[in-house]
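The structure appears right after this line, and notes come after that.
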Amino acid sequence: MLLCDFHIHTKYSDGSLELKKVVDLFGQAGFDVIAITDHVVNGDSLIGKLAYKFRFTITEKNFNEYLENIEYEAQRAWNKYEMLVIPGVEISKNYLSSDKSAHILILDIKNFIPACGSYESIFLEAKKQNALVVACHPHHMKGEIRNTLYLWKNKQKYGKYIDAWEIANRDDVFNVVSLKKYPYIANSDFHKARHLYSWKTLLNCEKDKETIKTCIKHNKGVAITLFRR
Amino acid sequence: MLLWLILILLGLSFIIYFFQVLALRKKLSEEIPNSFTQPISIIKPLKGLDDNLFDNIESFCKQDYPEYEVILSLENRNDPAYRVAEKIRNKYPDRVTIVIDNSSKALNPKVKNMMKAYRISKYDYFLISDSNVCVEDDYLRKTVSSMTEDVGLVTNLIVGVGGKSFGAVLENLQLNSFIILSVCLLDKFLKMPCSIGKSMLMRKKDFEEIGGFNAVQDVLAEDYLIGKLMHEKGKKVVLSNYMIKNINEYWSIKRFFNRHTRWAKIRWKIGGVKYFTEPLANPVFIASLIPFFYAFSNLSLILLLLSVLIKTTGDYLVMRMIKEKPGIQIMFSPIKDLMSGIIWFVPFITSKVNWRGNLYLISENTVLMPVTDSSLKRTYLKLKTIFSH
Numbered sequence: 059m060l061l062c063d064f065h066i067h068t069k070y071s072d073g074s075l076e077l078k079k080v081v082d083l084f085g086q087a088g089f090d091v092i093a094i095t096d097h098v099v100n101g102d103s104l105i106g107k108l109a110y111k112f113r114f115t116i117t118e119k120n121f122n123e124y125l126e127n128i129e130y131e132a133q134r135a136w137n138k139y140e141m142l143v144i145p146g147v148e149i150s151k152n153y154l155s156s157d158k159s160a161h162i163l164i165l166d167i168k169n170f171i172p173a174c175g176s177y178e179s180i181f182l183e184a185k186k187q188n189a190l191v192v193a194c195h196p197h198h199m200k201g202e203i204r205n206t207l208y209l210w211k212n213k214q215k216y217g218k219y220i221d222a223w224e225i226a227n228r229d230d231v232f233n234v235v236s237l238k239k240y241p242y243i244a245n246s247d248f249h250k251a252r253h254l255y256s257w258k259t260l261l262n263c264e265k266d267k268e269t270i271k272t273c274i275k276h277n278k279g280v281a282i283t284l285f286r287r
Numbered sequence: 212m213l214l215w216l217i218l219i220l221l222g223l224s225f226i227i228y229f230f231q232v233l234a235l236r237k238k239l240s241e242e243i244p245n246s247f248t249q250p251i252s253i254i255k256p257l258k259g260l261d262d263n264l265f266d267n268i269e270s271f272c273k274q275d276y277p278e279y280e281v282i283l284s285l286e287n288r289n290d291p292a293y294r295v296a297e298k299i300r301n302k303y304p305d306r307v308t309i310v311i312d313n314s315s316k317a318l319n320p321k322v323k324n325m326m327k328a329y330r331i332s333k334y335d336y337f338l339i340s341d342s343n344v345c346v347e348d349d350y351l352r353k354t355v356s357s358m359t360e361d362v363g364l365v366t367n368l369i370v371g372v373g374g375k376s377f378g379a380v381l382e383n384l385q386l387n388s389f390i391i392l393s394v395c396l397l398d399k400f401l402k403m404p405c406s407i408g409k410s411m412l413m414r415k416k417d418f419e420e421i422g423g424f425n426a427v428q429d430v431l432a433e434d435y436l437i438g439k440l441m442h443e444k445g446k447k448v449v450l451s452n453y454m455i456k457n458i459n460e461y462w463s464i465k466r467f468f469n470r471h472t473r474w475a476k477i478r479w480k481i482g483g484v485k486y487f488t489e490p491l492a493n494p495v496f497i498a499s500l501i502p503f504f505y506a507f508s509n510l511s512l513i514l515l516l517l518s519v520l521i522k523t524t525g526d527y528l529v530m531r532m533i534k535e536k537p538g539i540q541i542m543f544s545p546i547k548d549l550m551s552g553i554i555w556f557v558p559f560i561t562s563k564v565n566w567r568g569n570l571y572l573i574s575e576n577t578v579l580m581p582v583t584d585s586s587l588k589r590t591y592l593k594l595k596t597i598f599s600h
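Protein chains in written order, with our numbering: chain U, 59 to 287; chain D, 212 to 600.
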């Protein structure tokens, strides 16, 4: 089984560690697959504007540099740890209301996707790029004032675009995803070194980007595990 | 009267500190011209994820040494270190063997973990190496060069590196000042055998003559006991001046406290009354007693600040001697000293130790006894469960 984490932030957005350090931290711990998913924040809200001000977001301007650096680190990680590194982003539509907010992982992204577009346009663009779409922390999280509930509340409308839902995020488990029998994965939403020890995905497939995407989409051979020191 | 007593102790502690630094200096200037290169079996017990684990293990697979094997031993495949071990074995299939075994009844988890690995090891010389150390490619050659006919055990100095969190910074400061200096003082001036479990090279013949792993399976300080038994057998215990790196990157303060309260309990159980002399190696803590007993008068604060300044400068120089860049982190050295002063009292309160998830009670000479929940605690936990529902 491949030990995977598909939701990781670096200093490119609001993570506390540099990309290289993040890759090494996961490589040293024996991971097989990780996805780097820094935030792309919507600029059309107060929270979004603050994220731009403090550079907690990937922008169209630095997106190519971001991808190039991930590609470089992916090569290094493969040579040293035989660990696959997938480029991704977390489209973060943040509003004051939890019901309006949503975060979406786009895994294996190729071109920049702005966060201020409509949900439909984001999903269609992701599909065009043959990227994987994951709804992250879709339900209430313990200790969070602001949740991201929009996709769950509109699952009938947008469910068809979503390849998988986060059933667990760091220490939270969303049993509603299990009850609906939706395709699932579990991630750390890594921001700090201690987040390494959290929920993770196990995949029973080959260590290859396309196979991994197919495995998640079909949701066969997928398990979750609480990774501890 | 009390003030004078504290001042005398403070002066004495700076004299001891001076001798400690001198001992380190002497140790680092030693030269060992031996070219002994017998084949070696390296046994690495793994349990859980240490910081930098992949590089730590890999550094042992890249040794510039003619003939050796690396055996990675684990209790079970569910251990997170197993994945790392597997990756290393795939990378170095001719060099690395993985052993999974949980059959031994030893109470010391490290000894329990190593028993099968020892049985299957190929060579007459073996080296026990902890999973949280990283070495350069000349480590084996230089460590083995200290092994001669009259030597029973070769062990190494350790330095802490890589601190990226406050807990890790404290840990590395403690290793790079108090621990390394104490070990050198014991070795150079007090001529006491020092064996450090992070790296122990032995001849199987000698090891079996002192009783092998069976002799140390139920004690916590197996490294100390092995050294003691070797010494009693008339074999030399050599502290090599080759420094191995103990990688501590992301430690919490709790983890720092846990390790050093455990080590303090070990020293108390081994040293007995000698343990009472230990605060003399901590001038900052002794100096802090002056304002504690005599309020924060100008004189007491000046004495404390002066002591902090001298000790911090001394620690800075020690770091330079062991080729570590102290940086701004050296400023935390007095905080670390005060914390270790407090830690010193812990062994008088409890004999419980928590080691890699296992809870034990330790008695004299660190003999282990497993801890079971007391009936009172069990009742409390039951009631807590009932009321939480």
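The beta carbon of each residue, even a glycine, is placed where N, CA and C say it ideally should be.
Just so we're clear, the structure is a prediction, and the values are computed from it rather than from any experiment.
- Boundaries of the alpha helix (DSSP H) harbouring H471 of chain D: I464 to G482, taken from the DSSP string.
- Listed along chain D are F265, each with a C-beta nearer than 7 Å to that of G85 of chain U.
- Counting the other CB atoms within 10 Å of its CB gives Y110 of chain U a total below 16, which places it among the exposed residues.
- DSSP places W223 of chain U in the uninterrupted beta strand (DSSP E) bounded by A222 to N227.
- The Cβ atoms of F337 of chain D and S252 of chain D sit closer than 9 Å to each other.
- Per the C-alpha coordinates, the member of D:V344, D:E297, D:N383 and D:S356 positioned closest to I407 of chain D is D:V344.
- Look at the region 264 to 347 of chain D and you find these whole runs of beta strand (DSSP E), each 3 residues long or longer: 279 to 285, 307 to 311 and 336 to 340.
- Annotation for L381 of chain D: F467 and K547 place their beta carbon closer than 6 Å to its own, counting only its chain and skipping 5 residues before and after.
- Ranking D:E433, D:D429, D:V430 and D:I437 by CA distance to the CA of E420 of chain D puts D:I437 first.
- For I164 of chain U, the closest of U:V80, U:A193 and U:Y208 by C-alpha to C-alpha distance is U:A193.
- Less than 9 Å separates the beta-carbon of F89 of chain U from that of Y139 of chain U.
- Looking at the DSSP output, F559 of chain D sits in no beta bridge, so it has no partner there.
- Look at L154 of chain U here: in three-state DSSP terms it is coil, with no helix or strand label.
- Contact between the region 527 to 545 of chain D and the region 233 to 242 of chain D is present: three or more C-beta pairs spanning the two stretches fall below 8 Å.
- Between S376 of chain D and W462 of chain D a beta carbon distance of about 6 Å is seen, short of the 8 Å cut, so the two are scored as contacting.
- Separation of L570 of chain D and T68 of chain U (C-alpha to C-alpha, rounded to the nearest whole angstrom) is 36 Å.
- For I309 of chain D, the closest of D:V519, D:S315 and D:D290 by C-alpha to C-alpha distance is D:D290.
- For M212 of chain D, no beta strand (DSSP E) encloses it, and the DSSP letter there is neither H nor E.
- Shown here for Y240 of chain U: same chain residues with a beta carbon closer than 6 Å to its own, the five before and five after excluded, namely W223 in chain order.
- For T68 of chain U, there is no enclosing alpha helix (DSSP H), as DSSP gives it neither H nor E.
- Apart from the 5 residues on each side of it in sequence, Q187 of chain U sits with its Cβ closer than 7 Å to the Cβ of I167, K168 and N169 in its chain, given in chain order.
- The Cβ-Cβ distance between V564 of chain D and I573 of chain D falls below 9 Å.
- Within its own chain, the residues whose Cβ lies closer than 8 Å to the Cβ of T354 of chain D, once the five positions on either side in sequence are excluded, are L338, V365, N367, S410, L412, S451 and Y453, listed in chain order.
- Only residues of its own chain outside the window of five on either side were considered, and among them A475, K476 and W479 have a CB closer than 6 Å to the CB of P558 of chain D, listed in chain order.
- Taking a Cβ-Cβ cut-off of 8 Å, the neighbours of F285 of chain U in chain D comprise P291, given in sequence order.
- The C-beta distance from A87 of chain U to H65 of chain U rounds to 16 Å, too long to fall under 8 Å, and the pair is not in contact.
- For V495 of chain D, the secondary structure class from DSSP, reduced to helix, strand or coil, is helix.
- One finds S376, Y461 and S463 in chain D with Cβ atoms closer than 9 Å to the Cβ of R252 of chain U, taken in chain order.
- Distances from the CA of P250 of chain D to each of D:K415, D:I513 and D:L512 were compared; the closest alpha carbon is that of D:K415.
- Judged by their CB atoms, N383 of chain D and N457 of chain D are nearer to each other than the 9 Å cut-off.
- Annotated three-state conformation of N383 of chain D is helix, per DSSP.
- Runs of the alpha helix (DSSP H) lying entirely within the region 222 to 274 of chain U and spanning at least 4 residues, in chain order: 233 to 237.
- In this structure, U:N227 is the residue among U:I149, U:N227, U:M141 and U:K151 with its C-alpha nearest to the C-alpha of G201 of chain U.
- For W566 of chain D, the CB contacts under 8 Å within the same chain, skipping 5 residues up- and downstream, are P320, L431 and R473 in chain order.
- In the DSSP assignment, D96 of chain U forms a beta bridge with U:V147.
- Taking C-beta atoms as the reference points, N324 of chain D and P256 of chain D count as a pair closer than 9 Å.
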